[in-house]
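Each remark here refers to the structure printed beneath this line.
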């Protein structure tokens, strides 16, 4: 089953005094890259939340945001008037603010978050547990989003692997007459030289030359790699890194076929196979 690293989830809950919102966005990354934004009061639970996220999402660039909004009117933060006045005085000293009125300066200074009296607020165990439960719900939404995106990727991979298989069949059709044509060209070249040659020696050299251009082994290995790619893609767990390794082996066989082709029509088909494989590799960067 293919799982994408692109995901999104948002969950909201209301406690007796706060509205809690959690939002998670994920993108592709080679490893887990977790960025967390949360109020300082909840930093004590950061490690536990990190472990929860890492255990479920495993890999990707993850942005976690926890927003806590007080809905209790008795719990309003106190304004620090001295700090606000200090900011206004400092703004007046900035060059070019001579013509700015006090109301505008007050509006600017009010945007600084530390104008409220500092002090941490004790978070209850119930509120902390609600944050963890809400984070779990949000992670499930992200997982569902990743699964849906994975189905789209899976459909695309199936189509492109089938395209490569079809192109390989066309190459094998061209290959039926290719070696015979090469043999005819070499024999004609010898005749045109009007030189007498040892027939047995010529036949041995010709067989050696034609064997160098035989693609039977590459064909078998490529078919096996394509089959293995599909099997890995349908495994119970998403295995993006393994699929990337298999795609490298697919590319190696396609390149070898191209180097041995010595045939314009076959080389054109090889270019098309490479194009399909490049599109697979681009999408694999987003597979978990």
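Numbering (full-length UniProt numbering), first residue to last: 1 to 288.
In this text, a Cβ means the ideal position worked out from N, Cα and C, and glycines have one as well.
Everything numeric in this text was worked out from a predicted model, so none of it was measured.
Measuring only the C-alpha atoms, how far is residue i from residue j?
i, j, result
"residue 11", "residue 142", "11 Å"
"residue 169", "residue 175", "10 Å"
"residue 301", "residue 55", "Any question about residue 301 goes unanswered here, given that the chain covers just 1 to 288."
"residue 136", "residue 53", "8 Å"
"residue 231", "residue 150", "16 Å"
"residue 179", "residue 185", "10 Å"
"residue 287", "residue 148", "12 Å"
"residue 36", "residue 132", "14 Å"
"residue 177", "residue 277", "27 Å"
"residue 145", "residue 48", "23 Å"
"residue 79", "residue 62", "35 Å"
"residue 204", "residue 225", "33 Å"
If you follow the beta strand (DSSP E) that residue i is in, where does it begin and where does it stop?
i, result
"residue 23", "18-27"
Among the options, whose alpha-carbon lies nearest the alpha-carbon of residue i?
i, options, result
"residue 128", "6, 273 and 20", "20"
"residue 213", "232, 258 and 187", "258"
"residue 81", "109, 61, 94 and 240", "109"
"residue 41", "252, 124, 225 and 262", "124"
"residue 269", "58, 225 and 171", "171"
"residue 157", "243, 139, 103 and 211", "243"
"residue 22", "151, 103, 162 and 140", "140"
"residue 38", "133, 67 and 221", "67"
"residue 229", "95, 160 and 4", "160"
"residue 126", "222, 17 and 274", "17"
"residue 283", "138, 26, 59 and 153", "153"
"residue 165", "85, 253 and 30", "253"
"residue 216", "101, 83, 3 and 256", "256"
Residue i lies in the alpha helix (DSSP H); which residues open and close that run?
i, result
"residue 233", "216-233"
"residue 255", "240-261"
"residue 107", "102-109"
Indicate the three-state DSSP secondary structure (helix, strand or coil) for residue i in the structure shown.
i, result
"residue 14", "strand"
"residue 37", "strand"
"residue 7", "strand"
"residue 98", "coil"
"residue 188", "helix"
"residue 151", "helix"
"residue 136", "helix"
"residue 211", "helix"
"residue 196", "coil"
Looking only at DSSP bridge pairs, what is residue i linked to?
i, result
"residue 159", "Answer is none; residue 159 lacks a bridge partner."
"residue 67", "21"
"residue 32", "60"
"residue 176", "Paired residues: none, contrary to the question."
"residue 287", "4"
Could you check if residue i belongs to the surroundings of the ligand ZN, using beta carbon to heavy atom distance under 7 Å?
i, result
"residue 146", "The ligand ZN is not part of the structure shown, which contains no ligands of any sort."
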